[in-house]
């Protein structure tokens, strides 16, 4: 059955799920109970003046309130604004200034961070347009002198919204891009495209199969976690939702609930496996029920992890995604050779989507297996950069393809391969070089914990400069590492300098920490 809106998404799950439940930290609810809560919360939000087109800030971890508010926004035609729980004053003020949410949902504390103290420090004028701060925890009601605060539960006391105020084209969700090289952009998707893509992902991941149990440990404030959640709702699948990802807790949940689907980064799966081995006293397959594990590679030091994962029964499979085309725009096939299955890219999950490659220098379209910038079109592509029409226009080709800024290739079989960000790819010796190739070589040395490589201009052309985080137990030697690279890499790929650093400059994102390559390039230039 075709679904076009969030109320239809939640309503369908309520109809077909039966007694399937969603398990939170301290409670469990059925999809029928969730659907009813979304309509109660919708009426409560409407009493605060929230209506079609208004923005609602979600500064929340993975709570029942997140789902209730998301469904409520769908009912009202309001837009959920995903706000990373790692955001601090500067990022929160940016959202308030440029997106102007009518209400903001929050928790007073998360981990070691006091969100209430951050709210206290917000410029008062930026809270003047906020009708209410919605507190979504059980703590004593927080008092902010610049905005009214109410508990989430109070939204459910007014009755239910009888008729949705949305349609298929209503704005649905805004994702905040990482902004590693410029101010973040706010990527807006409408309800129809969210729901249709959720259906495609649920189908390709076989989430409707009997006994499916989905671990929802990715933060919903990121597109990776959000779409994994939406797909599970589309399939009316049983879900287990820790508030935040903690490896020991999540590994135990995977064992206790017989989890079949889990998604995350390589570092997350590495920690899960470590904890699973510990909990089960080193059984060969600590998570025997796993069927699909979409994963993203963020950490060059874990380049060999997939081999270990496969041996231990973790069925990794690489997707491709970005905020503008959603996570899971594409996915490798589970039948692919393991070496292919863990390379970003794959086949678009929507059969009408298109991918092509353009030469960044000549601007001509390229053929199969030729490297260039990936360009994409999808029926479920984003609808705008909120408040930034100029950026929206600039990111598309004349015939409507998204310029991804990613390097890749397309294949005759309809798949494509993601090789890296265009800005990260190195042009060395007249060739395009993926820095990961050099980083993996460096990380294979006992001296190196992690590595990042950039290119700098010299009077002898562009040259590679490497930054490494050293192992604590081994003395750092630049000459040794350069010599080590010379043993296996072409001469033009060998770094002219290796710099030891305590930590890489980075930007936190919901999908994983993103290294600021631009900052590393500045450091590299200064060093030579």
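Numbering (my numbering), first residue to last: 16 to 543.
Glycine included, each C-beta is placed from N, C-alpha and C at the ideal position.
{"Query": "Contacts around residue 301, its chain only, beta-carbon distance under 6 Å, and the 5 residues preceding and following it disregarded", "Result": "291, 292, 295"}
{"Query": "Cβ pair residue 148, residue 57 closer than 9 Å", "Result": "no"}
{"Query": "Three-way DSSP call (helix, strand, coil) for residue 218 in this model", "Result": "helix"}
{"Query": "Nearest residue (CA-CA) to residue 479, options 140, 506, 330, 172", "Result": "506"}
{"Query": "Residues near residue 530 in its chain [Cβ-Cβ closer than 6 Å; skip 5 each side]", "Result": "467, 519, 521"}
{"Query": "Coarse secondary structure for residue 278, derived from DSSP in three states", "Result": "coil"}
{"Query": "Spatial distance of residue 41 from residue 493 (CA atoms)", "Result": "52 Å"}
{"Query": "First and last residue of the uninterrupted beta strand (DSSP E) at residue 405", "Result": "Where residue 405 is concerned, there is no enclosing beta strand (DSSP E), although the alpha helix (DSSP H) it sits in stretches over 404–409."}
{"Query": "CB of residue 112 within 9 Å of CB of residue 141, strictly", "Result": "yes"}
{"Query": "Residue closest to residue 162, alpha-carbon to alpha-carbon, out of 127, 120, 509, 442", "Result": "120"}
{"Query": "8 Å contact criterion, which residue 242 and residue 263 should meet: CB distance rounded", "Result": "Contact doesn't hold; Cβ gap of about 26 Å is too wide."}
{"Query": "Residue 385 versus 374, 365, 136, residue with shortest Cα-Cα distance", "Result": "374"}
{"Query": "Whole-angstrom C-beta distance between residue 449 and residue 463, which should lie under 8 Å", "Result": "Not quite, the Cβ-Cβ distance comes to about 18 Å (not below 8 Å), so this is no contact."}
{"Query": "Proximity of residue 370 and residue 425 at Cβ, strictly below 9 Å", "Result": "yes"}
{"Query": "Contact under 9 Å by Cβ, residue 77 with residue 269", "Result": "no"}
{"Query": "Enclosing beta strand (DSSP E) for residue 433 [first to last residue]", "Result": "431–436"}
{"Query": "Residue 95, DSSP secondary structure in three states", "Result": "strand"}
{"Query": "Where the alpha helix (DSSP H) through residue 327 begins and ends", "Result": "No alpha helix (DSSP H) contains residue 327, which DSSP labels as neither H nor E."}
{"Query": "Pick from 399, 472, 24 that is closest to residue 246, judged by C-alpha positions", "Result": "24"}
{"Query": "Cα-Cα separation, residue 339 to residue 240", "Result": "15 Å"}
{"Query": "According to DSSP, residues forming a beta bridge with residue 388", "Result": "373, 422"}
{"Query": "Whole-angstrom distance between residue 49 and residue 29, CA atom to CA atom", "Result": "8 Å"}
{"Query": "Secondary structure of residue 23, DSSP reduced to three states", "Result": "helix"}
{"Query": "Contact set for residue 395: own chain, Cβ-Cβ below 7 Å, skip 5 residues either direction", "Result": "208, 211, 212, 341, 365"}
{"Query": "Segment limits, alpha helix (DSSP H) that includes residue 576", "Result": "For the chain, the structure presents residues 16 to 543; residue 576 sits outside this window and is missing."}
{"Query": "Check whether residue 173 and residue 190 have beta carbons under 9 Å apart", "Result": "no"}
{"Query": "Cα-Cα separation, residue 381 to residue 431", "Result": "13 Å"}
{"Query": "Proximity of residue 224 and residue 273 at Cβ, strictly below 9 Å", "Result": "no"}
{"Query": "Opening and closing residue of the alpha helix (DSSP H) in which residue 78 lies", "Result": "Note, residue 78: premise wrong, no alpha helix (DSSP H); not H, not E."}
{"Query": "Secondary structure of residue 543, DSSP reduced to three states", "Result": "coil"}
{"Query": "Residue nearest to residue 383 in terms of C-alpha spacing, selected from 427, 392, 231", "Result": "427"}
{"Query": "Distance between residue 146 and residue 80 (C-alpha atoms, nearest Å)", "Result": "18 Å"}
{"Query": "Simplified DSSP state of residue 315, which is helix, strand or coil", "Result": "helix"}
{"Query": "Own chain residues within Cβ distance below 8 Å of residue 390, not counting five before or after", "Result": "370, 371, 372, 373, 412, 416, 417, 418, 419"}
{"Query": "Proximity winner among 118, 206, 288, 312, relative to residue 325 (alpha-carbon distances)", "Result": "288"}
{"Query": "Residue 38, enclosing beta strand (DSSP E) - first and last residue", "Result": "36–38"}
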